[in-house]
DNA sequence: TCAAAATATATGTATATACATTTAATGTTT
DNA sequence: AAACATTAAATGTATATACATATATTTTGA
């Protein structure tokens with residue numbers, strides 16, 4: 004739906020002004036969808052993001068700093084998010100022997116299982132955007148990448 | 004910068020998958036910029052959003068529910084955000100006599116003054132995206148609006 | 001008219017974000 | 001090696017989000 008209707012605003016002072024609000028609004032919209040998807044499994048979008056990064060390591064453990072730099076939201080607190088995942092036994096954490104300042108995080112069977120259950124639902128979420136063509140998606144990606152230069 | 008580099012990911016399984024992450028990442032990026040802009044004035048992006056809605060009313064008071072439906076982030080708690088703005092004396096709140104369930108919020112001189120000081124900085128923020136053309140901005144807007152249908 | 005439903009806002013609580021500070025370990029310099 | 005700087009992670013604190021529930025008022029309708 005048109006952003007104008009979503010936030011009941013007649014017009015914007017420029018396409019750039021609308022662009023900023025549109026990105027923020029769309030992210031909030033996506034976040035709400037994700038929250039609903041993940042909630043039944045007891046995790047948040049950011050916790051999901053961490054689990055996905057860990058699964059991508061094929062079981063290998065990675066330092067917390069690696070999670071930090073790969074997360075979508077750089078401001079989220081990986082240390083505390085890992086705490087929460089530990090409590091739910093979805094990840095393991097151990098001190099790195101070579102550098103005892105570091106901790107190494109890996110995903111557990113339970114974590115992998117939760118991701119597996121979520122895979123279909125996450126795919127559906129992406130497929131539900133099929134009113135956008137692949138070409139359009141690629142075009143938005145190109146422009147957003149450029150916007151942040 | 005390419006999202007691939009920003010979150011150190013070699014590739015995405017589809018343009019749609021990248022699109023979701025790109026919107027979330029870009030929103031977080033914008034949010035960080037906004038936070039830095041607003042922080043010296045003691046307000047958050049959401050508080051700024053409320054002040055902007057109120058200024059748009061030309062001094063008229065509006066019900067809390069009006070703020071709620073015009074805010075970019077529908078999940079933010081307008082009631083408590085208004086509390087914060089009240090403490091800073093940037094808004095007024097009074098009970099509506101016709102319907103005492105409602106409260107009417109209006110912006111104060113102090114609030115208008117803060118917005119005025121911020122206008123230039125917010126414009127700069129938008130102008131800094133000038134590597135995106137107007138046409139490209141409009142194109143992203145069109146596609147995002149469609150995505151949320 | 002009075003009870004029930006609906007509406008507007010406020011509050012409670014758990015979690016997350018933003019950012020500063022602290023703690024512990026490692027590296028570097030003299 | 002001792003002093004200092006750097007790095008990795010954890011912690012403190014204020015604010016914000018997500019969502020459920022409560023409170024007060026108004027509307028509806030039996």
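Protein chains in written order, with my numbering: chain A, 4 to 152; chain B, 4 to 152. Glycine is no exception: its CB is placed at the ideal position from the N, C-alpha and C atoms. Values in this document were obtained by computation on a predicted structure and should not be read as measured data.
C-beta atoms of residue i and residue j nearer than 8 Å
i                      : j                      : result
residue 106 of chain A : residue 119 of chain A : no
residue 59 of chain A  : residue 91 of chain A  : no
residue 141 of chain A : residue 18 of chain B  : yes
residue 31 of chain B  : residue 76 of chain A  : yes
residue 57 of chain B  : residue 110 of chain B : yes
residue 149 of chain B : residue 40 of chain B  : no
residue 73 of chain B  : residue 11 of chain A  : yes
residue 28 of chain B  : residue 7 of chain B   : no
residue 112 of chain B : residue 146 of chain A : no
Endpoints, beta strand (DSSP E) assigned at residue i
i                      : result
residue 91 of chain B  : Taken as a continuous stretch (DSSP letters only), residue 91 of chain B belongs to no beta strand (DSSP E), as it is neither H nor E.
residue 106 of chain A : 106-110
Whole-angstrom C-beta distance between residue j and residue i, which should lie under 8 Å
i                      : j                      : result
residue 64 of chain A  : residue 26 of chain A  : 34 Å between Cβ atoms; not a contact.
residue 87 of chain A  : residue 50 of chain A  : 6 Å
residue 129 of chain B : residue 94 of chain A  : That belief does not hold up - the Cβ atoms of residue 129 of chain B and residue 94 of chain A are roughly 40 Å apart, past 8 Å.
residue 21 of chain B  : residue 144 of chain A : 5 Å
residue 152 of chain A : residue 4 of chain B   : 6 Å
residue 114 of chain A : residue 54 of chain A  : 5 Å
For residue i, the first and last residue of its enclosing alpha helix (DSSP H)
i                      : result
residue 138 of chain B : 137-150
residue 52 of chain A  : 48-58
residue 72 of chain A  : 67-73
beta-carbon residue i near the ligand GTP non-hydrogen atom, thresh 7 Å
i                     : result
residue 69 of chain A : The model on display carries no ligand, and the ligand GTP is accordingly not part of it.
- Do three or more CB pairs link the segment 78-85 of chain A to the segment 35-45 of chain A at distances below 8 Å? no
- Message: For the structure I just gave you, are there three or more beta carbon pairs, one from the segment 110-125 of chain A and one from the segment 135-152 of chain A, closer than 8 Å?
- Response: no
- Query: Could you give the uninterrupted runs of the alpha helix (DSSP H) lying entirely in the segment 7-42 of chain A, keeping only those of 4 residues or more?
  - Reply: 18-41
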